[in-house]
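Numbering (the working numbering), first residue to last: 11 to 351.
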């Protein structure tokens, strides 16, 4: 498993411009505008669905994938490209055990943009991507949801999109009642210092019990915390949060860390992941306490061999979901049972 994970990580590093790779100059974004209908990467009941195609689960999952597009533009187009299919198959498909997985294609800010775009261009690129996610969410609610409970799943850029979406479209609205839970992984969800709510969201709290619904699980994982980690610290300026969601920043906030194996606690607990070919992995996970950075530390046999890519500042970002995959799936199952009960 370690060899396969390292190979996956190395490929990501090359895509990000590491390992000596040279990327051409950043191209301009696609023309603005929304599609007439959503392009679905995963749509229950359709053939060749990378998320499993199940359409008979008791609740739905709405999945927004991380930065994965290898297109040589600032923003991707609506192609269901192989790297998106592979990412959805790896991250989202296992959740089909408990939900029908819906995943829109969105014109995300590409790996090319992440590697070379200047700050203002990157911010505009994220805003452009968000419009597609919001449009797909509204389409899903209007034509596919039928009042069912929903689990939101995001990672990295996908989590950034969902932070904005929840803030704009769900928090404090009637549809909040349909929220089973939100898995917002690798994207620095903010709460008021010393509280479990009041940052990104005013009414949706952190999950503190396995049977709790309508709540958030959020963390970024590190096997070793470097001097300047990319995740775990509340931003002091607007940064790359974009303008669509007006996400908070400043000293009044802290990054939320919820250990999926020990909700409501900072104690160490065992998390189970899913490796290649379905082999399970086991690590010890614990949320850090006190001052920043607030992250989920991963330890135990083999943890130090997990790749930190594209550099140590990112920690185990590429594997945020993988290291606790089975634990997250089981948690979603428990929350689903509580919701429908």
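We treat Cβ as the ideally placed atom computed from N, Cα and C, and that holds for glycine. Every value quoted in this text rests on a predicted model; they were computed, and no experiment measured them.
- Only residues of its own chain outside the window of five on either side were considered, and among them 72, 112 have a CB closer than 7 Å to the CB of residue 150, listed in chain order.
- DSSP places residue 234 outside both helix and strand once states are collapsed to three, so it counts as coil.
- Under DSSP, residue 114 takes part in a beta bridge, and its partners are 50.
- Counting C-beta atoms within 10 angstroms of its own C-beta, residue 350 has fewer than 16 neighbours from the protein chains shown and is therefore classed as exposed.
- Ranked by Cα distance from residue 248, the first of 260, 239, 238 is 260.
- Assignment of residue 305 by DSSP, reduced to helix, strand and coil, places it in the coil class.
- Distance from the CA atom of residue 117 to the CA atom of residue 105, rounded to whole angstroms, is 24 Å.
- Note that the C-beta distance between residue 306 and residue 231 is below 8 Å.
- Cα atoms of residue 202 and residue 148: separation of roughly 29 Å, rounded to the nearest angstrom.
- In this structure, the straight-line span from the alpha carbon of residue 152 to that of residue 184 is close to 14 Å.
- For residue 193, the enclosing beta strand (DSSP E) stretches over residues 189-195.
- As a beta-bridge residue in DSSP terms, residue 202 pairs with 263.
- For residue 162, the three-state secondary structure derived from DSSP is strand.
- The C-alpha of residue 292 lies about 16 Å from the C-alpha of residue 341.
- Contact between the stretch 301-317 and the stretch 79-91 is absent: fewer than three C-beta pairs spanning the two stretches fall below 8 Å.
- The beta carbon of residue 336 sits closer than 7 Å to the beta carbons of 282, 283, 284, 290 from its chain, once the five residues preceding and following it are set aside; these are given in chain order.
- Taking C-beta atoms as the reference points, residue 167 and residue 280 fail to come closer than 8 Å.
- The criterion of a C-beta distance shorter than 8 Å is satisfied by residue 338 and residue 193.
- Spanning the alpha carbons of residue 274 and residue 64 requires a straight line of approximately 32 Å.
- Cβ-Cβ separation between residue 94 and residue 51: approximately 6 Å, consistent with a contact (criterion under 8 Å).
- Taking all protein chains in view, the Cβ of residue 98 is crowded by 16 or more other Cβ atoms within 10 Å, so the residue is classified as buried.
- Following the DSSP letters along the chain, one finds residue 150 inside the alpha helix (DSSP H) bounded by residues 129-150.
- Under the DSSP assignment, residue 98 falls outside any beta strand (DSSP E), being part of the alpha helix (DSSP H) whose first and last residues are 92-101.
- If you draw a straight line from the Cα of residue 301 to the Cα of residue 262, it is about 12 Å long.
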